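Quick mapping for you: the protein sequence lines, in order, are chains A, B and C.
For the first sequence, this note's numbering assigns the number 1 to the initial residue and increments by one for each residue that follows.
For the second sequence, this note's numbering assigns the number 580 to the initial residue and increments by one for each residue that follows.
For the third sequence, this note's numbering assigns the number 840 to the initial residue and increments by one for each residue that follows.
Data first, discussion second: the structure below is written as structure tokens.
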Amino acid sequence: MTAKKPVALRIGETHVQAVRDTFPGSVLDATWQAADQVTITVPTDMLPDVVEFLYYGRGGWLPNMVANDERPLHGCFALYYLLSMEESDKGFVVVRTEVDPATMEYPSVTPRVPACVWSEREAFDMFGLRAIGLPDERRLVLPDDWPDDLYPLRKDSMDYRHRPTPTTDVENYQFLYEGHAEETTQVPMGPLHITSDEPGHFRLFVDGEDIIDADYRLFYVHRGMEKVAEDRLSYDAVTFLADRICGICGNAHSVAYAESVEHAQGIEVPLRAQYIRSILLEVERLHSHLMNLGLVCHYCGFDTGFQHFFRVREKAMDLAVLLTGARKTYGLNLIGGVRRDILDDQKLATIKYVSELRNEVEALVDMLVSTANFESRTGGIGRLDPVIARDYSPVGPCVRGSGIGRDVRFDHPFDGYKFLVGMSARTHDGCDVQSRTLVRVEEFMDSLAMIEQWLDGAPQGPIQAEGWQYTPNKFALGYTEAPRGEDMHWAQVGDNQKCYRWRCKAATYSNWPVLRYMFRGNTIADAAIIVGSMDPCYSCTDRVTVVDVNKSTSTVLTKSQLESYCRRRTHSPLAGKGW
Amino acid sequence: MLADNIPPQLQWKPDPITLDAKVAEAKKKLLESIKRSVYVYRVDCGGCNGCEIEIFATITAVFDAERFGIKVVPSPRHADMLLYTGAMTRSMREPAIRAYHAAPDPKIVMSYGACGCTGGIFHDNYCVWGGTDPILPVDVYVPGCPPTPPATIFGFACALGILDQKLHASHHVAPADDQTFVAFPAIPYKVRTSFEREARRMSGYYFGKKIVDEFMLTISKDKEDVFGAIDRLIGNETDARKRAVFMDLRALLMSKVVKG
Amino acid sequence: MFKLFKEIRETGDATVEYPFAPYEFPDGFRGKPEHNEKLCIACEACAIACPANAITMELSEDQSLITWNINYGRCIFCGRCQEVCPMFAIELTKEFELTVLNKADLGESCAYEVARCSCCGKPYAVKKEVDYVRNLLSKMGGPAATDIKKLDRCLDCRRLEDAEAFQLQARHRGEA
């Protein structure tokens, strides 16, 4: 950790000073991990005050909170509330507090800053740390059949390969209903969806056609990555694991992880490598946004457009193969640089692909917006109120479609984004599905321009850094703007060439909590397109829009899931059509 | 090796569902004489999504698996083939089994992607069962991370017995007197490795290797006038980036010559 | 609507020929890793680097053979093995048709002889690796070549030997 320099004002200094002034005696310690990252340690009982002050008082947004078992280091658990300061003095302020292992309790911040809710639930699952006052104490991450008293990420709890006997053979998650109407119908969606992606279980509470509330059980794909990164893999192999957090924005994760370690260790990544990383990040955005645009077509009942977007998307995939050797999960990041260069051949081919993509997508978008369904199916649907957005810190096109210009690429420029000319975050203020879609369209075009700028501007020189000093127990943040929003990684390396703690936050993690609000007031037919507009790695939820029509208010459905799958699929798989 | 080393008391092992003889026979018959469209139902059991999206790519316009009648259907009730992706997380065990039972017999079970085949990079994590086959009887394995759309089409073709698999187990014992020669014997070992290292630093393992091989071939060919040969190599190179790396290697050689 | 029809007409047939014609990925595609058994010296660099543990090394029970294994079903095609291999003995090819019906077909292995220490008889390294280093050192000549004779001894014996030599030297110095 770096010592404080009294002279020039460092990034984040004004925030630290403001905390000191407002809550005298609250800042026990302030250290900088990187130029734009400061961690302040506060007493446990002042935690909610300080986080709330930074969040609402100083223009902070909360990507997530990291819990860490630091008992082997100094005898306590620690919590790190990561705040991205986006109004003045842009940078990251991390509020750290220690939790006494004797009580394992800390005051919940969620009642003051709702954005903490998932992180605090997760801290209980993984560490057994109880947030006093947390309104929702249900299990979040761990499967239903996991034993109650086994906390995977505690350092002394278990081997990473430990697979305890399942405690139950049925899903017993409680879905919460926050509405007031008494007569509601529950519409289960999932956990298996059809052609779609990750499993997730939605429960819609409806009155007739109108959605009153919704709740969901996710984390069906919890694989225990953070634990395996601490145990099996050495810290430089984790980039390949990070690639596999998500099959579509894997590279964004891998860059975020690599940069968290690089920031912590003070590794200077060569400029050329920074350019190449950014190019690959934008290539990823190309194919991801094309997929989402295709799916929007599909939701609007415009399957021809869907096929065409996917046809053009293959060009973006070819571009990915050309630059990385793989269509997905590029695996090109190492700590300190990238593994593959871009030679002139690749550069010229890329420029060609970029111009083809620009022409084709312009034509397709033209086609999409001139389709009558598009306007009627997306306008005013799935409203994300900017006030709700402010409370929950959603990210990506989701929040930018509500008029809030949050974009890590421009708020905290990193890598190639530092050198961009004439670009800024795209926003639309319709707050609806249409706005989010239009944001994606514009970002797609921006990405093409960015790639061109970088290909032209990439300096010569090496693509890998060498000869750095490895210092154990240093930690820092790494961040990227994935196609769906910011990915935020927090990594601390240990004294054994492994991660001591690695916490990755995917974009969608920040977006799920607001989905409930986006659902409210819409009809069931819109459920799919709303989920889709969030682009939650999870697209064809729509085909599942249907249903067990169970007119009862009991909280748990009695019909077997199996039967419901079956009945569900006898309906038309197309949203907005069948029923 | 690692996977086999897990102390058994640490891991509860699920009982895989087994086929009874009648079903197995019916399945064989189905495979031999399947003369109609094949309906596929996908079950994501905790993958990263890469596989799912590649399947998407496979069924859309460019790869269009539907021209062979391979159609992704919305219910296991309609399926002839179940396609499992993902490392089989704990939460997905029950849904996966329910989907399996929902599909009518005989059915083909495909394990898709590295995670589906063996658990992939997650093979020994606490929250997964390590692929499809610890839970269900699997008929066909499609490796890849994720499998590309052509690999997926190949996988379908293999599963249906239209194409034959290309990969076969191979287990050799290297001949006892087998010797490995030293590459580029004309160039001193330490010089060679420092070139290789520098090229990797400049251009990565893939292009760097190509570039350094070209460079070393040039200097081992012309021993009289090494720098002349290098300059000719650089002069003839049209690729600006390659030229830059060649020049960097030349500077490295120069520093060695001056020092040595 | 007109735009849609125009787009459809202009696109024509977008579908690839595969599987009726071979599908060609561009150079540098990361497909099936091809192990060159002849070049490999079984140094284990790839097994250590492999993030997914697809490549493993296993010593036989009597410690006479060490087996290099790859499981294509676990491989994530990252190419780390190719990157770290000092012999360039493994390379990712464009081969992608890896589907098998029998899981055992996903495995490939090659066993290498393990050398025994000339002093204590304990197995200590892969024979091919030792031979390669001998070959290399003799080519390098100079001071490096003087180490050749130490090559056929295990680490323990070499340490012991060094310690004895050091002791002897110290005694000489003491006498002088």
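We put the beta carbon where it would ideally sit given N, CA and C, even for glycine.
Owing to the predicted nature of the structure, the values given are computational and were not obtained by experimental measurement.
Contacts that residue i makes with chain A (C-beta to C-beta distance below 7 Å)
i: F864 of chain C; result: V321
i: D712 of chain B; result: Chain A residues near D712 of chain B: none, gap ~16 Å exceeds 7 Å.
Cβ of residue i within 9 Å of any chain C Cβ
i: C737 of chain B; result: yes
i: G615 of chain A; result: Residue coverage of chain A in this structure runs from 1 to 579, which leaves residue 615 of chain A outside it and unanswerable.
i: C624 of chain B; result: no
i: H298 of chain A; result: no
i: Q588 of chain B; result: no
i: D643 of chain B; result: yes
Test: residue i CB closer than 9 Å to a CB of chain B
i: Y151 of chain A; result: no
i: E936 of chain C; result: yes
i: K988 of chain C; result: no
i: T854 of chain C; result: yes
Cβ shell of residue i (< 7 Å), same chain only, five flanking positions each side left out
i: A888 of chain C; result: R919, C920 and V923
i: L562 of chain A; result: Because the pLDDT at L562 of chain A is just 28, under 50, the model does not fix this residue reliably, and the value given afterwards should be weighed accordingly. If we look at L562 of chain A and ignore the five residues flanking it on each side, it has no Cβ neighbours.
i: P767 of chain B; result: none
i: C696 of chain B; result: S690, G710, Y720 and P722
i: V117 of chain A; result: T110, D136 and P513
Cβ-based burial, residue i [other Cβ within 10 Å; buried from 16]
i: A640 of chain B; result: buried
i: E466 of chain A; result: exposed
i: T39 of chain A; result: buried
i: L739 of chain B; result: buried
i: H162 of chain A; result: buried
i: D432 of chain A; result: buried
i: F844 of chain C; result: exposed
i: W591 of chain B; result: exposed
i: F859 of chain C; result: exposed
i: S254 of chain A; result: buried
i: L715 of chain B; result: buried
i: Y56 of chain A; result: exposed
i: Q346 of chain A; result: buried
i: W61 of chain A; result: buried
i: A830 of chain B; result: exposed
i: W468 of chain A; result: exposed
Under 9 Å from the C-beta of residue i: neighbouring residues of chain A
i: R913 of chain C; result: Within 9 Å Cβ-Cβ: nothing; R913 of chain C doesn't reach chain A, min ~13 Å.
Test: residue i CB closer than 9 Å to a CB of chain A
i: C724 of chain B; result: yes
i: T727 of chain B; result: yes
i: K614 of chain B; result: no
i: S670 of chain B; result: yes
i: I809 of chain B; result: no
i: C959 of chain C; result: no
i: L940 of chain C; result: no
i: F916 of chain C; result: yes
i: R869 of chain C; result: yes
i: E922 of chain C; result: yes
Contacting residues, own chain, Cβ-Cβ under 8 Å from residue i (five flanking each side not counted)
i: G521 of chain A; result: D210, I211 and R383
i: K942 of chain C; result: G912
Close-in-space but distant-in-sequence residues of the same chain around residue i (CB under 6 Å, 5 per side omitted)
i: K718 of chain B; result: One detail in the question is off: residue 718 of chain B reads as Asp in this sequence, not Lys. Hits under 6 Å: I687 and V688.
i: G208 of chain A; result: none
i: K474 of chain A; result: A264
i: A258 of chain A; result: T239, N333 and I335
Neighbouring residues, chain A, relative to residue i (Cβ below 8 Å)
i: C996 of chain C; result: Those do not exist, as C996 of chain C stays about 29 Å from chain A at its closest Cβ, beyond 8 Å.
i: R848 of chain C; result: Those within 8 Å of R848 of chain C in chain A number zero; the least Cβ separation is about 12 Å.
Contact set between residue i and chain C, taken where Cβ atoms lie within less than 7 Å
i: T697 of chain B; result: N910, G912 and R913
Chain-ordered neighbours of residue i on chain B, where CB pairs are closer than 9 Å
i: Y963 of chain C; result: Under the 9 Å cutoff, chain B gives no residues; its nearest Cβ is about 17 Å from Y963 of chain C.
i: Q593 of chain A; result: In the structure as shown, chain A starts at 1 and stops at 579, and residue 593 of chain A therefore has no counterpart that could be examined.
Proximal chain C residues relative to residue i, where beta-carbon distance stays under 9 Å
i: F240 of chain A; result: P890, A891, I915, C917 and R919
Interface residues of chain D facing residue i [CB-CB closer than 8 Å]
i: F786 of chain B; result: No chain D appears in this structure, whose protein chains are A, B and C.
Partner residues on chain B for residue i, Cβ-Cβ distance less than 8 Å
i: D991 of chain C; result: Within 8 Å Cβ-Cβ: nothing; D991 of chain C doesn't reach chain B, min ~15 Å.
Contiguous beta strand (DSSP E) assignments of at least 3 residues, all confined to the segment 852 to 880 of chain C: Those beta strand (DSSP E) runs which fall completely within the segment 852 to 880 of chain C and span 3+ residues are 872 to 874.
Residue ranges of each alpha helix (DSSP H) within the segment 896 to 976 of chain C, 4 or longer: 919 to 923
Within the segment 289 to 357 of chain A, note down every full alpha helix (DSSP H) run reaching 4 residues or more, in order along the chain. 303 to 324
Please give me, in chain order, every unbroken run of the beta strand (DSSP E) with length at least 3 that falls completely inside the segment 426 to 504 of chain A. 475 to 482 and 485 to 493
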